[in-house]
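Residue numbers for the sequence shown, in this note's numbering: 1 to 1073. This report refers to the structure that appears directly beneath it.
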Amino acid sequence: MEVSQQDLIKIVEQASTISERLGDRFIPNQAQNEKLISSRMELWSKVVAQGNPDQFNKRFVWDGINTNTVINVLGDVCLADEQQLPTWTEILREALSIDLNREDSDVYRCLDPEEPIPFEEVYLPFVEVGRKKFIAQVGVSGQLLSEIVHINLERQLLLKLDGLCTESLQFEFSLFKNFKQSPLNFLQERLQTNDGDQQYQSFVQDLKAGKLLSFFQKYSVLARLVGTAVDFWAEEKAEFLQRLASDLPMIEQTFQEDITQVVAIGLGLSDLHNRGRSVISLTFASGLKLIYKPRGLGLEVAYFQLLAWCNQQEILLPFKLLKVIDCKTHGWMEYVEHLPCQETIAAQRYYQRAGMLLCLLYILEATDCHQENIIASGEHPVLVDLETLLHPHSHEIDPNKEAGVQYLANQQFFDSVIATGLLPKWEVGADGGIAEDISGLGGVDEQIPVEILTWKNINTDNMVLGAESLSMPPQTNALLLNGITLSPHDYANEIIDGCQQMYQFLSERREVLLAADSPIANLSNQKVRFLFRPTEVYALVLSKIMQPKFLRHGVEYSIELDVLSRSFLSTDTKPSLWSLLKMELQALEQMDIPYFKADSSSDALRLNPDVMIEGCFYESSYDLVISHLQQLNDADLAKQISMIRACLYSLNPRQMISVAPVEDNTNNLDLDTQAPLTSAQLVEEAVEIAQQLQKLAIHATDGSVTWIGMGYHPQAMRLQLQPLGHSLYDGICGVALFLAALSKITGEQEFRNLALSALQHLTKVLHDQDLNFRFRITKQIGIGGGIGVGSIIYTLVKVSQFLDQPELLDTAVIAASLITKESIADDHQFDTMSGSAGAILGLLTLYDANQNPVILEQALECGYHLLDHRSLSKSGFRAWATLEEQLATGISHGAAGIAYALARLYKTTQEKVFLEAAEEAIAYERSVFSPTTGNWSDMTSWCHGAPGIGLARLGTLEVIDTTEIRQEIEVALNTTEQFGLQKLDHLCCGNFGRMELLLVAGSKLSRSHLCETGRKQAAQVVGRVKQTGAFYLFPEFNGDIYNPGFFQGTAGIGYELIRLAYPEALPSVLMWE
């Protein structure tokens, strides 16, 4: 097809970005569409500043741009010099002008009939242009690659073009079909099989006959991206081959191999940086395998020199060393095979080495050592991507955050072995999807099916993008033994032993390592990567801008990319890192992942020859390593070991609902002979817990405090180590509630102050931040009474009452305002912990305190939401699908807790629908009762089973006092007493949660012996703690993991000790009294 100069000019002008328009290459047209410009300004403001005009204005002021100047370039523009067109336009012209011949095998050889690519024939002219550019640049060096390798290179380009174009082409194909299709044709198509391709072929032929130019005129940004991709591909692959040809003698000498031809190649092994460059694996005819990296490998050389020095000491297990060739601009590395272990002892050595590696990387300030960067090669864990060793620590975008307690907690948390990325940690991606563990040692326990979007009925009339569930094969970081994937959780002791050995090894050789000629000194003045944002953030932005609506005009494309400026604009003054944004946008505009290089011996960051950010980092990363070595000590080692254990514990699947009881035989005392603790002794034990909290608190300069502990990750359904969040269950609220209660009982001012300091950051957030920020809290944690906004409301009310702080009631009202109709409608958890039932309990607690009818209306809204979302059980009774969308029993996630909340709502409102729903839920629970076990679950704990259900039934006695209810209470008491003490102490699943049932039943049923039994059990547990040194908070780890939280930590145990001492002075938190 003919492509004129004016065709290309029009595409260039329409594809131009805002930054280009602000330069001197484009001139705004005189006549402008004011309405279009206004809508674009409005869109831009919404994207980068959420519609806040002051924040949006800063976007221009900080760039030194006048708003009117910006407005002028948002409309139509023309090229200042129409003879100077970018390179990609020539590629576009050439590809659109090619008339392919099906008989030309070189053109079609990259197609695979077994694995078709959507619209593949449309891309072939561009592949042909790229192939010719590549061949022209490499000349005879092309003979170094076998034909199959050439084909693979071309297919990579084909797949790249597919990733860019298919969504827009499919959209146009849908329009084409709708326009062409009559009602009769539509009915005929519905009766046909999925492989008819008449319309598809017609669409493709239209494109080949001239419509492809129209397509690219409509999607001008896409035209630019396609031309650029072809250009970058040819440039990158030619550069790789030319370097290979030049470096062959060095490669042959280093690896002692005669090299002839590359017979296999692995592409796309890393993110794209610097004009589409990425890591490549290559296999030679001799069998030699290498990794090519398009950057200098000085850091890799220094790292393996350090490992070689460690090996030479012959103290530790030897590390696997890799051969590396550093060519300054690029380099070659030995290929590491993913190999299984041959025997159990080898697996043990693997994990011991993993502990050694973990310690070493912690000292070397490494980060981002995720599963793609670690290869399990026999008994050796091998780090294969070292660019984030010596990672520098930059200043915050907003300097004010550096004084906040959350920042300090995060800093302490990540200034540890956790920063390496090796240890298991579940995170939700930037897209808010499922929680994944992508750590270097993790992500190997469960092969969780992953839903991916794939094309179905490819290149037919019924081609469609659909979801497909796939079980991903084990990653190369997974260690295999006899065909079974091993879990680091089962080798925790080996990992810890290895870490201790390496720590002590380095500590003992500190003077040698700090000497000027030590192997550590080789790490100075190295080029290291600075990760400004997580790569997944960039990947998400790039994925979003592939939507057809953003590929039509360069202005809309630029605006959507500029979402990255949002994190800067929340600050009051121009951040020192502001110039990074321009570099990020330039990279993303050409589909690269931004890449920043720093000097390991400098605290400055040079972005280009003309731009340097002085003092970008707190100190140079090399100085950080030296400081780390100087500060090695036993206390730090103990802290790191505790963190390792906590992270490995998070690999326990479904810890929250499957705790197997282990009987506690530590004391072997008969309760009849056990003397209960006195009230003073109980309080004394609680004071010890509070003093430990004081000792471990993280203090900010503004007086606020927080802690690090095991927090519940709802998407992963696991506990994992993290700075405490806001909730009652595992966050700041639970700790503050205990401290406030202790202050109420003891009158000690220090505990009062600590409780208020713990709540200080939360109250500031609720009072000071903008509404959008506060509503994000609800989105993050939900509305429940255990881990949601309901738990915050409950805590603020109770602490207000304990400490006589009426202003906290006002804060509770602000928190309650976050439970909106929308957030209630979004609730699909329903239960007391995370859902509307818990919100009801929190709201009713506040209503009892202030009698505000608005609060009661919110509770009613939650109640009606529960009524509208019941599911029919097999017994015919309705209840709620909660955990894994299954009907559940129990107080935390099941019918007992929801029925209890509805009963309390009925008591306050006298609306019978809530009473009837509570009675029906109890009837459902009764239908699944097991007379054999005397239980409603396979667990006997507060969260699941008899103790929690017993508490819920006791709580409903005021409104549902029937023979059946009282019988169930007796069953729950009998089952709980027979269960006895187990090796798990906390409230949620452990001994103290069961004691609470005895305490409440003793009070409500006037049975003092039950309270006495609870105090005797507490005495036995405390006696055991005196022997072992700690409470049992987690199965398998006897006191090795500290957790300050309420439901699964020491704060809840402390509260229960005070409750046992003075049950009438404090409410039952496990019933949200």
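The beta-carbon is built from N, C-alpha and C at its ideal position, and this holds for glycine as well. Just so we're clear, the structure is a prediction, and the values are computed from it rather than from any experiment.
Beta-carbon proximity list for residue i, same chain, < 6 Å, skipping 5 on both sides
{"i": "V382", "result": "K320, V336, I375"}
{"i": "V1022", "result": "E685"}
{"i": "L225", "result": "L164"}
{"i": "N935", "result": "G945, A946, T975"}
{"i": "A758", "result": "V705, I732, V735, A736"}
{"i": "A1065", "result": "none"}
{"i": "F751", "result": "A690, L739, L742, S743"}
First through last residue of the alpha helix (DSSP H) which encompasses residue i
{"i": "V48", "result": "34-49"}
{"i": "D634", "result": "634-649"}
{"i": "K1009", "result": "Before going on, a small fix: residue 1009 reads as His here, not Lys. Per DSSP, H1009 belongs to the alpha helix (DSSP H) from 1008-1028."}
{"i": "K58", "result": "53-61"}
Alpha-carbon to alpha-carbon, residue j and residue i
{"i": "Q411", "j": "G725", "result": "15 Å"}
{"i": "F914", "j": "T832", "result": "16 Å"}
{"i": "R533", "j": "A901", "result": "43 Å"}
{"i": "S658", "j": "W426", "result": "Confidence at S658 is low in this model, with a pLDDT of 42, below 50, so the placement of that residue should be treated as unreliable; the coordinate-derived value is given next. S658 and W426: Cα-Cα distance of roughly 19 Å."}
{"i": "G268", "j": "L282", "result": "12 Å"}
{"i": "E861", "j": "A918", "result": "16 Å"}
{"i": "A1057", "j": "T1013", "result": "According to the sequence as given, residue 1057 is Leu; it is not Ala. So the two alpha carbons sit approximately 13 Å from each other."}
{"i": "Y200", "j": "E154", "result": "24 Å"}
{"i": "D599", "j": "I151", "result": "39 Å"}
{"i": "R1015", "j": "V971", "result": "21 Å"}
{"i": "E911", "j": "L486", "result": "55 Å"}
{"i": "D206", "j": "S834", "result": "55 Å"}
{"i": "H1009", "j": "G948", "result": "20 Å"}
{"i": "V797", "j": "F171", "result": "54 Å"}
{"i": "I922", "j": "S930", "result": "14 Å"}
{"i": "V324", "j": "R552", "result": "45 Å"}
{"i": "Q526", "j": "E34", "result": "52 Å"}
{"i": "M871", "j": "A825", "result": "The question names Met, yet the displayed sequence has Ser at residue 871. One C-alpha to the other measures close to 16 Å."}
{"i": "A690", "j": "E748", "result": "11 Å"}
{"i": "V70", "j": "D162", "result": "34 Å"}
{"i": "M1", "j": "R93", "result": "9 Å"}
{"i": "L766", "j": "S791", "result": "14 Å"}
First through last residue of the beta strand (DSSP E) which encompasses residue i
{"i": "M333", "result": "331-334"}
{"i": "D326", "result": "324-326"}
{"i": "L981", "result": "Premise fails: L981 is in no beta strand (DSSP E) and is neither H nor E."}
{"i": "W426", "result": "426-428"}
{"i": "T283", "result": "280-284"}
{"i": "M710", "result": "708-713"}
{"i": "A435", "result": "435-437"}
{"i": "M612", "result": "611-613"}
{"i": "V262", "result": "262-266"}
Rounded Cβ spacing between residue i and residue j (contact assumed at less than 8 Å)
{"i": "P594", "j": "Y538", "result": "6 Å"}
{"i": "A229", "j": "F738", "result": "Incorrect: roughly 59 Å between the Cβ atoms, too far for contact."}
{"i": "L588", "j": "L542", "result": "6 Å"}
{"i": "L1070", "j": "G993", "result": "7 Å"}
{"i": "L307", "j": "C499", "result": "Their Cβ separation, rounded to whole angstroms, is 16 Å, which puts L307 and C499 out of contact at 8 Å."}
{"i": "Q1048", "j": "M710", "result": "6 Å"}
{"i": "S97", "j": "L585", "result": "32 Å between Cβ atoms; not a contact."}
{"i": "D197", "j": "T460", "result": "5 Å"}
{"i": "T344", "j": "G421", "result": "No, T344 and G421 are not in contact; Cβ-Cβ is about 27 Å, not under 8 Å."}
{"i": "F240", "j": "I259", "result": "About 15 Å; that fails the 8 Å criterion."}
Spatial neighbours of residue i in its chain, beta-carbon cut-off 8 Å, leaving aside the 5 residues before and after
{"i": "L648", "result": "L423, P424, P488, H489, A492, I495"}
{"i": "L577", "result": "S394, H395, I397, F532, F568, I613, C616"}
Residues near residue i in its chain [Cβ-Cβ closer than 7 Å; skip 5 each side]
{"i": "Q829", "result": "G782, G784, G835, T882"}
{"i": "I280", "result": "F240, I265, G266, L267, L269, Y292"}
C-beta neighbour in chain B for residue i, strict 8 Å
{"i": "S214", "result": "Any reference to chain B falls outside this structure, which holds one protein chain only."}
_Contiguous beta strand (DSSP E) assignments of at least 3 residues, all confined to the segment 77-143_ = 77-79
*Can you give, in chain order, each stretch of the alpha helix (DSSP H) that sits fully within the segment 580-606 and has at least 4 residues?*
none
_In chain order, what are the residue ranges of uninterrupted alpha helix (DSSP H) at least 4 long that sit wholly in the segment 169-252?_
Fully enclosed alpha helix (DSSP H) runs of 4 or longer: 183-191, 198-206, 212-218.
*In chain order, which continuous runs of the alpha helix (DSSP H) of length 4 or greater are located wholly inside the segment 773-814?*
789-803
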